[in-house]
Amino acid sequence: MKQIEGGVTAAKGFLAASTAAGIKYQDRKDMALIYSEAPCRAAGTFTTNVVKAAPVKWDQKIVKESDFAQAVVVNAGIANACTGAEGYGYCQETAEAASQALHVPESAVLVASTGVIGMQLPMDRLKAGIQAMAPELDGSLESGTQAAKAIMTTDTKKKEVAVQVELGGQTVTIGGMCKGSGMIHPNMCTMLSFVTTDAAISKELLQEALSEDIKDTYNMISVDGDTSTNDTVLLLANGLAGNPEIREKDEDYQEFCKALNFVNETLAKCMAGDGEGCTALFEVKVIGAETKEQAVTLSKSIITSNLTKAAIFGHDANWGRILCAMGYSGAQFDPEQVDLFFESAAGKLQIIENGVALPYSEEEATRILSEPEVTAIADIKMGTATATAWGCDLTFDYVKINADYRS
Numbered sequence: 000m001k002q003i004e005g006g007v008t009a010a011k012g013f014l015a016a017s018t019a020a021g022i023k024y025q026d027r028k029d030m031a032l033i034y035s036e037a038p039c040r041a042a043g044t045f046t047t048n049v050v051k052a053a054p055v056k057w058d059q060k061i062v063k064e065s066d067f068a069q070a071v072v073v074n075a076g077i078a079n080a081c082t083g084a085e086g087y088g089y090c091q092e093t094a095e096a097a098s099q100a101l102h103v104p105e106s107a108v109l110v111a112s113t114g115v116i117g118m119q120l121p122m123d124r125l126k127a128g129i130q131a132m133a134p135e136l137d138g139s140l141e142s143g144t145q146a147a148k149a150i151m152t153t154d155t156k157k158k159e160v161a162v163q164v165e166l167g168g169q170t171v172t173i174g175g176m177c178k179g180s181g182m183i184h185p186n187m188c189t190m191l192s193f194v195t196t197d198a199a200i201s202k203e204l205l206q207e208a209l210s211e212d213i214k215d216t217y218n219m220i221s222v223d224g225d226t227s228t229n230d231t232v233l234l235l236a237n238g239l240a241g242n243p244e245i246r247e248k249d250e251d252y253q254e255f256c257k258a259l260n261f262v263n264e265t266l267a268k269c270m271a272g273d274g275e276g277c278t279a280l281f282e283v284k285v286i287g288a289e290t291k292e293q294a295v296t297l298s299k300s301i302i303t304s305n306l307t308k309a310a311i312f313g314h315d316a317n318w319g320r321i322l323c324a325m326g327y328s329g330a331q332f333d334p335e336q337v338d339l340f341f342e343s344a345a346g347k348l349q350i351i352e353n354g355v356a357l358p359y360s361e362e363e364a365t366r367i368l369s370e371p372e373v374t375a376i377a378d379i380k381m382g383t384a385t386a387t388a389w390g391c392d393l394t395f396d397y398v399k400i401n402a403d404y405r406s
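Okay, here's the thing in structure tokens:
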């Protein structure tokens, strides 16, 4: 497996376009279109929030019931959530407009929205956006990058990645783009993620690969503890790589899963590291756990602790907050057996041993915690299971951004 340049258009047969439709923003692109030259097997995972946006309901139906998918229409600025029957009808209208512009069945069109909850979509502008994008569809890396930029809301940077792997003697590419910066919490987050591949794989195994992989990627990030109404991850496979179709969990399937994991983990970390107002990606590794479930619970508890996140922002090695967060997580462990380390590009430092502080240098700790990527490693010495979670620091700017988000 090797990482290559690109994103959602890296795989064979995938094209993208973007436009400034004026959905909500008046000074930037706010719509993207993904199209495959061949019908795709489609898989998806969605928000666990009981309040689900209309596009989530539409896509769940398409992924489950349609024979294939071939296009995805995405808008930023308005979430089309809590919009009732009218909002769901707008998903149908979007699919109809894309169907006419691209000459594909309505049942092959997926839709996604992100932005303010409760506002209705301006369908005249959205349909005009589809008409503008259809003739501009292109398979270049630049068109994929522009699409990644067009789906941003409070994101500060585009998020895309691509890899190649050999399957059945053929080069298979997996690429993707996503957006996500706030209202992010484990068990899906405020994010839209679109992953494309030219691999030939059965629909059943495609869905299983995605459903299993999100447990260690998208479901292991948190920015602010709020689970969105719109979370959607779509995985499209058009088979144009020409590899023998993957129909069982053989070596090719395992290699495909490894490549998919790299793409999803990279995108997940990009979202965590671009959390609203943040200055650092905060990674937490729990090692020496008795079970994977225990390690997951502990690592998530640490990255969601506001006191810990504030300490990371202040470059303060306040290890008591981490041990406290572990203690209320619900997972059982012996706090008098815990070793804790901080690590970054500036070095690695052990802070506590067997639950007691070591005579470490506060200056060295501050230097390590001042890097843009910081890791805390907690060894609970109970077994061999591990888990890694990703979050970010909590800053003044997070409050500023969310105090006036609607305006």
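Read in order, the letters of the sequence shown are residues 0 to 406 in numbering that gives the first Met the number 0.
Where a beta carbon is used, it is the ideal one built from N, C-alpha and C, also for glycine.
If you're wondering where the values come from, they're calculated on a predicted model, not measured in any experiment.
- Taking all protein chains in view, the Cβ of residue 392 is crowded by 16 or more other Cβ atoms within 10 Å, so the residue is classified as buried.
- Distances from the CA of residue 138 to each of 118, 210, 215, 32 were compared; the closest alpha carbon is that of 32.
- With 16 or more other CB atoms across the displayed protein chains lying within 10 angstroms of its CB, residue 311 is buried.
- Among the bridge pairs identified by DSSP, residue 193 is matched with 176, 233.
- Between the region 250-265 and the region 194-205, the count of C-beta pairs closer than 8 Å reaches three or more; the two stretches touch.
- In its chain, beyond the 5 residues on either side, 80, 81, 228 have a beta carbon closer than 8 Å to the beta carbon of residue 50.
- A Cβ-Cβ distance of about 4 Å is found for the pair residue 76 and residue 22, placing them in contact under the 8 Å criterion.
- Counting only runs of 4+ residues, the alpha helix (DSSP H) found wholly inside the region 258-322 occupies 291-302, 305-312, in chain order.
- Following the DSSP letters along the chain, one finds residue 83 inside the alpha helix (DSSP H) bounded by residues 83-101.
- Out of 274, 273, 166, the CA that lies nearest to the CA of residue 248 is found in 166.
- Secondary structure at residue 55: helix, using DSSP grouped into helix, strand and coil.
- Residue 158 is bridged by DSSP to 177.
- Residue 232 is classed as buried because its beta carbon has at least 16 other beta carbons within 10 Å across all chains shown.
- The three-state reading of DSSP puts residue 395 in helix, counting H, G and I together.
- Cα atoms of residue 289 and residue 386: separation of roughly 11 Å, rounded to the nearest angstrom.
- Contact between the region 172-180 and the region 93-103 is not established, with fewer than three Cβ pairs separated by less than 8 Å.
- In the DSSP assignment, residue 128 falls outside any beta strand (DSSP E) and lies within the alpha helix (DSSP H) extending over 122-132.
- The beta-bridge partner set that DSSP reports for residue 71 consists of 33, 109.
- Residue 37 and residue 4 have their alpha carbons spaced roughly 23 Å apart.
- Taken through DSSP and simplified to helix, strand or coil, residue 62 comes out as helix.
- Three or more Cβ pairs drawn from the region 370-380 and the region 335-355 lie within less than 8 Å of each other, which places the two stretches in contact.
- In this chain, the alpha helix (DSSP H) harbouring residue 142 covers 140-149.
- For residue 332, the closest alpha carbon among the candidates 238, 287, 68 is that of 287.
- Residue environment analysis places residue 88 among the exposed positions, since fewer than 16 neighbouring C-beta atoms fall within 10 angstroms of its C-beta.
- For residue 204, the enclosing alpha helix (DSSP H) has its first and last residue at 202-212.
- The straight-line gap separating the alpha-carbon atoms of residue 365 and residue 348 is approximately 11 Å.
- Residue pairing by DSSP places residue 245 opposite 200 in a beta bridge.
- Put simply, of 64, 199, 213, 356 the residue whose alpha carbon is nearest the alpha carbon of residue 190 is 213.
- C-alpha of residue 358 to C-alpha of residue 369: approximately 20 Å in a straight line.
- In chain order, 394, 396, 397, 400 place their CB closer than 6 Å to the CB of residue 276, counting only its own chain and leaving out the 5 sequence neighbours on each side.
- DSSP places residue 335 within a helical segment (H, G or I) once states are collapsed to three.
- Burial check for residue 123: the Cβ neighbour count within 10 Å stays below 16, so the residue is exposed.
- Boundaries of the beta strand (DSSP E) around residue 15: 13-18.
- Taking a 10 Å sphere around the C-beta of residue 154, we find 16 or more other C-beta atoms and assign the residue as buried.
- Per DSSP, reduced to three states, the secondary structure at residue 137 is strand.
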